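Residue numbers (this note's numbering): 1 to 222. Where a beta carbon is used, it is the ideal one built from N, C-alpha and C, also for glycine. From a predicted model like this one, the values you see are computed outputs, not experimental measurements. Heads up: the structure comes next, in structure tokens.
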Amino acid sequence: MKERPIPFNDPMVRALLADTKTQTRREVKLPADAKHVRYWAPPSGRSESGYADPGVNYWTPDPGGETESNHLNPCPYGQPGDRLWVQETWRHTAHDLDEARRITEDIMSGTAVDYAATYIDKCMRELGFSRDDAEMAFDFEEWRHHSKMPRWASRILLEVTAVRVERLQDISEADAMAEGCYTDPACPAYDTYRSLWESINGPGSWDANPWVWVVEFKRVTP
Numbered sequence: 001m002k003e004r005p006i007p008f009n010d011p012m013v014r015a016l017l018a019d020t021k022t023q024t025r026r027e028v029k030l031p032a033d034a035k036h037v038r039y040w041a042p043p044s045g046r047s048e049s050g051y052a053d054p055g056v057n058y059w060t061p062d063p064g065g066e067t068e069s070n071h072l073n074p075c076p077y078g079q080p081g082d083r084l085w086v087q088e089t090w091r092h093t094a095h096d097l098d099e100a101r102r103i104t105e106d107i108m109s110g111t112a113v114d115y116a117a118t119y120i121d122k123c124m125r126e127l128g129f130s131r132d133d134a135e136m137a138f139d140f141e142e143w144r145h146h147s148k149m150p151r152w153a154s155r156i157l158l159e160v161t162a163v164r165v166e167r168l169q170d171i172s173e174a175d176a177m178a179e180g181c182y183t184d185p186a187c188p189a190y191d192t193y194r195s196l197w198e199s200i201n202g203p204g205s206w207d208a209n210p211w212v213w214v215v216e217f218k219r220v221t222p
């Protein structure tokens, strides 16, 4: 079993904590001339003796132009049974990073970390702030980018249950809901997810319809 970091934005962190998000889609990084793309995995779904890691098989033209070269791009998010620790926007509340780690890792000392995704609710619930005051406090704090979050500061651990590859636009309504896009009947989850994808990846990213890793997971409770 391996552990790897994976970033999520604030709305998706809240969906993870509510257990309404059990899938994530991430673009497969392939060269522009890749073709004949397919997902490959041994029968068990995990790597075995004699098998490479499950991943994407693709072919590219040989420089000589007469044959094609076969490549395997292993899934960077692991395989069933592996774990992903979530990186999110955060800040430490101690004098320095070392002290924050010591406090947080000491089970009797509480935690010295705040998380942007739930900070406003924390201020309202634990400190009795109004929403306006909580939002003002949020804006006052200096938050750290998710890429700067170390393993010890992460509060969410996910276990990978399945991995596959598909085109982005092949997502079903049920899968869009599993992405955390619960919505009202007037706006299908599929449309909500399309808007979410473009908000993260930029205009035109949905129409590009890239190959994506579909990673299914369950949250590991302490």
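According to DSSP, which residues form a beta bridge with residue i?
i, result
"A162", "E216"
"N258", "The question about residue 258 has no answer here: the residues shown for the chain are numbered 1 through 222."
"I6", "V86"
"H92", "V113"
"K35", "W59"
"L157", "W85, V220"
"R151", "Paired residue(s): none; R151 is not in a bridge."
"T24", "V215"
For a quick check, are the C-beta atoms of residue i and residue j less than 8 Å apart?
i, j, result
"R26", "Y77", "yes"
"A34", "T60", "yes"
"A94", "I103", "yes"
"M149", "E99", "no"
"W85", "P5", "yes"
"K122", "T161", "no"
"I156", "L16", "yes"
"V163", "V215", "yes"
"D175", "Q79", "no"
Whose CA, out of the options, lies closest to the CA of residue i?
i, options, result
"W90", "D207, D184, D10", "D10"
"F138", "H145, A117, R151, L158", "A117"
"E105", "D121, L72, R151, M136", "R151"
"H36", "A15, Y119, A162, L72", "L72"
"P210", "R38, W143, A186, V220", "R38"
"A112", "A174, G202, V220, A153", "A153"
"R83", "A174, Y193, L158", "L158"
"M1", "D53, S69, N57, E126", "D53"
"F140", "Y119, N70, D62, W197", "Y119"
"N57", "R194, P31, P185, L127", "P31"
"Q169", "D184, P203, R194, P74", "R194"
Looking at chain B, is there any beta carbon in it that lies within less than 8 Å of the beta carbon of residue i?
i, result
"D207", "The structure shown has no chain B; it contains just one protein chain."
Under 8 Å by Cβ, that's how I've got residue i and residue j pegged, so tell me the actual separation to the nearest angstrom.
i, j, result
"S205", "P7", "Actually they do not touch by this definition, with Cβ atoms about 17 Å apart."
"V28", "V220", "Not quite, the Cβ-Cβ distance comes to about 26 Å (not below 8 Å), so this is no contact."
- For the 8 Å Cβ check, are there 3 or more pairs between the stretch 117-135 and the stretch 180-187? Verdict: no, contact absent.
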